[in-house]
Amino acid sequence: MISKILIANRGEIAARIIRTCKEMGIQTVAIYSEADKDAPYVEMADEAYLIGPPQVKESYLNVDKIIETATESNVDAIHPGYGFFSENGKFAKECEKIGIRFIGPTSHVMDMMGNKIEARKAMKAANVPIVPGTEDAIPTAEEAVEIAKHIGYPIMLKASAGGGGIGMQVVNNDEELQKAFQSNAKRAEMFFGDGSMFLEKKIEQARHVEIQLLADRHGNVVHLFERECSIQRRNQKVLEEAPSPYISDETRLKMGQAAVDAAKSIGYTNAGTVEFLVDREENFYFLEMNTRIQVEHPVTEEITGIDIVKEQINIANGKELAWKQEDLSYNGHAIEARIYAEDPKTFFPSPGHIKEFDVPKGRNIRLETAVKSNYQVTPFYDPMISKLIVTGQTREDAISLLKETLEHTSIKGIKTNIPLLLEIINHEQFLSGNTTTTFIEEHFSPIKKK
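UniProt numbering numbers the first residue of the sequence shown as 1 and each following residue consecutively.
This is the structure we're talking about:
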């Protein structure tokens, strides 16, 4: 049984994992860079080790140093959180080599689903609907233009190994595709070590809806219903909710079953998420599978009462899932707002010294945070500093509580996106549940604000 876990991550997700470990009586080991020496999660852990300078390649992406720390601190398992090594099959293999459990799926499955082209092929074989597009990597821009003529514009140009919107671009004609192909391929090569590109038909007025899965090592797979994640900027989510205010019960049932079928077809284990694009007629198409815990997992926890991190650890311990699909249900409505250290008008990061950090506490308010008062936000990492999650009996209750909480949140010393969040949740389209992935671009982009 796992008695000691190293968290190969930082910030709010490290703190969140440590909290569940403490509840389970499991010892924790934190790692930190020089920039994170005063971070709250470092104080929370039973042990903490400096692993390098602020730059991620020399600290949080330093395989040798993390493995060395895990070995020397005598841990049983490593939890990768999200980002960094969470979807890196090579890192999972390194853990497997030295007998440390990687809390996630197998390295083989991770590699398969981490390559978007291979993932599309696997989902097609499992009869999961996929977006029309190419089956293989496209070697040249010229060949991409020829293929695009058959698919039809607008088209999504995507990096096979991409994530977080990197290497992804909408193109509307041959000229745009020619210009975008090389630059996106180079960017993907730089970030992921793989510049392979492919094309997908852009689904117009699409919604982004994802299904949370849990799969044990005994062949049991369940879904924990869906999350609505359509409110994004630069292909990064800003606000998520569960359940979706848009899809019907019939579509919910079909999507959940498709996600379960997808996981079973590839022998998936642990927590994972299947992301779908949903069109105006509620047709849904496989987008990608995230082989890790998601940033937005708390909204699912709030409506189901299931601690997903606890279940990840239970699965890694070889335990069977405690429920069948028919045992699961949800209650209420939860919304998560990501609080970023960024200028709400330009979306540019806004690092600096937080003089005051004060978020209201109360029933149905949950805060997952990476910062505190008198804390320095550095420019080295993702600008998300906190997640504010609220729950209500109805969607209207949750929106009202979120509005009240954001209005009484005080973060002094840096700029944050709280003004933007308030604009979003007061917008007529959001209030009606009628938002697509282009909502922010259409109403709140820097260009629109000029």
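Just so you know, even glycine gets a beta-carbon here, dropped at the ideal spot from N, CA and C.
Keep in mind it's a predicted model, so treat the numbers as computed, not measured.
| Check | Outcome |
| --- | --- |
| Buried/exposed call for lysine 449, threshold 16 Cβ in 10 Å | Because the pLDDT at lysine 449 is just 47, under 50, the model does not fix this residue reliably, and the point stays unresolved. |
| Cβ-based neighbour list, residue 451, same chain, cut-off 8 Å, excluding 5 preceding and 5 following | As shown, the chain starts at 1 and ends at 450. That puts residue 451 outside it, with no answer to give. |
| With 16 other Cβ atoms within 10 Å as the buried cut-off, status of proline 243 | buried |
| Coil, strand or helix - isoleucine 447 by DSSP | For isoleucine 447, the pLDDT reaches just 45, beneath the cut-off of 50, and the residue's location in the model is therefore unreliable, although a value from the coordinates is still provided. Reduced to three states, the DSSP call for isoleucine 447 is helix. |
| Through-space distance from aspartate 174 to leucine 199, alpha-carbon basis | 13 Å |
| Own chain, CB closer than 6 Å to lysine 90, minus 5 neighbours either side, in chain order | none |
| Reduced DSSP secondary structure (H/G/I, E/B, other) of glycine 104 | coil |
| Sequence-distant residues of the same chain with beta carbon closer than 6 Å to threonine 269, five excluded per side | Pro105, Ala215, Arg217 |
| Nearest-angstrom beta carbon gap, isoleucine 130 and phenylalanine 357 [assumed within contact, 8 Å] | At roughly 43 Å, the Cβ-Cβ gap does not stay under 8 Å, so phenylalanine 357 and isoleucine 130 are not in contact. |
| Three-state class that DSSP yields for tyrosine 340 in the structure shown | strand |
| Euclidean distance between Cα positions of threonine 140 and alanine 180 | 11 Å |
| Unbroken beta strand (DSSP E) run spanning valine 170, endpoints | 169-171 |
| CB of tyrosine 41 within 7 Å of CB of alanine 15, strictly | yes |
| Proximity of valine 260 and valine 221 at Cβ, strictly below 7 Å | yes |
| Proximity to phenylalanine 284 [Cα-Cα], best of Gln257, Lys372, Phe102 | Gln257 |
| Burial state of phenylalanine 348, where buried means 16 or more other Cβ atoms lie within 10 Å | exposed |
| Environment of glycine 133 [buried if 16+ CB atoms lie within 10 Å] | buried |
| Cα-Cα separation, leucine 388 to isoleucine 31 | 25 Å |
| Beta-bridge pairing of methionine 384 - partner residues as DSSP gives them | Tyr340 |
| Close beta carbons around isoleucine 17, own chain, < 7 Å, minus the five adjacent residues each side | Ile7, His79, Gly81, Val309 |
| Segment contact flag, the stretch 115-129 with the stretch 284-304, C-beta cutoff 8 Å, min 3 pairs | yes |
| Pick from Asn314, Asn127, Pro379, Ala337 that is closest to valine 359, judged by C-alpha positions | Ala337 |
| As assigned by DSSP and simplified to three states, the class of lysine 361 | coil |
| Close Cβ partners of isoleucine 103 (< 6 Å) along its chain, the five nearest in sequence each way excluded | Ala77, His79, Gln312, Ala316 |
| Inter-residue Cα distance where the pair is proline 154 and isoleucine 211 | 26 Å |
| Own chain partners of proline 54 with C-beta closer than 6 Å, once the 5 adjacent residues on each side are dropped | Ser33, Glu34, Ala35, Phe380 |
| Beta-carbon proximity of glutamine 205 to arginine 252, cut-off 7 Å | no |
| Start and end residues, alpha helix (DSSP H) containing glutamine 312 | 308-316 |
| N- and C-terminal bounds of the alpha helix (DSSP H) containing lysine 254 | 249-265 |
| DSSP-derived helix/strand/coil call for lysine 355 | coil |
| Selection from Ile147, Phe192, Ile335 that minimises the alpha carbon distance to valine 295 | Ile335 |
| Proximal residues to glutamate 241 (C-beta, below 8 Å), its chain only, five neighbours per side dropped | Arg227, Glu228, Val299, His333, Ala334, Ile335, Glu336, Arg395, Ala398 |
| Beta-carbon contacts of alanine 148 that lie in its chain and below 8 Å, excluding the five residues immediately before and after | Ile155, Val171, Asp174, Leu177, Leu199 |
| Cut-off 6 Å between Cβ atoms - residues of its own chain near serine 86, not counting five sequence neighbours on either side | Pro80, Arg292 |
| Delimiting residues of the beta strand (DSSP E) encompassing glutamine 27 | 27-33 |
| When Ile425, Asp382, Gly413, Lys415 are compared against threonine 405, the one with the closest alpha-carbon | Ile425 |
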